[in-house]
Each structure stands twice: as C-alpha cells, then as structure tokens.
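*Asks:* Throughout, this note's numbering is defined as the position within the sequence shown, counted from one, plus 204.
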Amino acid sequence: MKLGERIKAVFEEKGIKLTDFADQIGTVRQNVYRIFERESLDTDLLYKISEVLGHDFFTYYKIPGTANSIEFNEDISINELALLKDELESAKKEIEYLKKIVSMREEEKQLMESKYKTQQELSETIIKHLREKEKSYLSHIQSLNRK
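1) Would L207 and R242 qualify as a contact pair, given that the criterion is a beta-carbon distance under 8 angstroms?
2) Just the C-alpha distance for E293 and Y265, rounded to the nearest angstrom, thanks.
3) Taking its Cβ as the centre, do 16 or more other Cβ atoms sit within 10 Å of L342, making it buried, or is it exposed?
4) How is G208 classed by DSSP in three states: helix, strand or coil?
5) What's the call for V306, buried or exposed, on a 16-neighbour Cβ count within 10 Å?
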C-alpha cells in the first residue's frame, strides 16, 4: 500500500472535508488528490499531514541495514494497526479483570486464614476443657477407689 493510500484511508476515517484538509496542510484540493496517489512525501508535508490527521505516518518507514537509506515499510497496514489497538484494549480489560480476581482471592485467603485461626483457637479451648473434665473424672474415680 502506497503512503498516499494510507493517508487517504486515515483522512476518510477522520471524516474531514477535503477543502478543510487542504487548507490545514497549506495546499489546494487538486494537490490533495495527488498526495493520495504518491508513494512518498517531503518530510515537512508528511509531518503537517500527521499533525492535522492526528496519525503518525512516519511509523510506516524503517531504516534497513544500509547506511542512512529509508524505505517505505508496508508491513503494517491501517487495518492491522486497528486490530493491534483492539487487541491492546482487550488485553488491558483482561488485565483489569484478572487484577480484580487476584484481589478477591486475596480477600478470600485472608478470610480463610481468619477462619482457620478461629477454629484452631476453638479446638484448643475444647481440648483444654476436655482435659480438665478428664482430670476431674480421674480425680473422682480415685476418690471412689479409696472408699
């Protein structure tokens, strides 16, 4: 996909009037149509278009291994970028959901620890009471055996 085609796609997505867009980038309508057909643009013009459309068109360029040469990167299409943004939003929502689950599990853990502590204290109290009863019965049995 040519750079001009990408610009046109974002332009159409934004729903800006052609004459308004032309005015904002400092040109006339006819030149905008030519821009939509171009494979590359002057960096100043591309910067202005990026600014007006709120889209960084420089991300479609990469610097290959050769010295200072820049070529157009067609690896990322506007649709792919939109899909990646959607995936990112979904991932953010999933992270928030998982954070809530973790928080709930931590609360559950605290409640279980509190319940365990209470049951342990109750068990210790019952054991203590039973030991006292045992001593009392043994004492009573010994007193009966002496008679």
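From the three backbone atoms N, C-alpha and C, an ideal C-beta is built for every residue, glycine too.
*Replies:* Reading from the atomic positions:
1) With contacts defined by Cβ atoms closer than 8 angstroms, L207 and R242 form a contacting pair.
2) Rounded to the nearest whole angstrom, the CA to CA distance from E293 to Y265 is 25 angstroms.
3) An exposed status is given to L342, since fewer than 16 other beta-carbon atoms sit within 10 Å of its beta-carbon.
4) Reduced to three states, the DSSP call for G208 is helix.
5) Exposed, since its Cβ has fewer than 16 Cβ neighbours within 10 Å.
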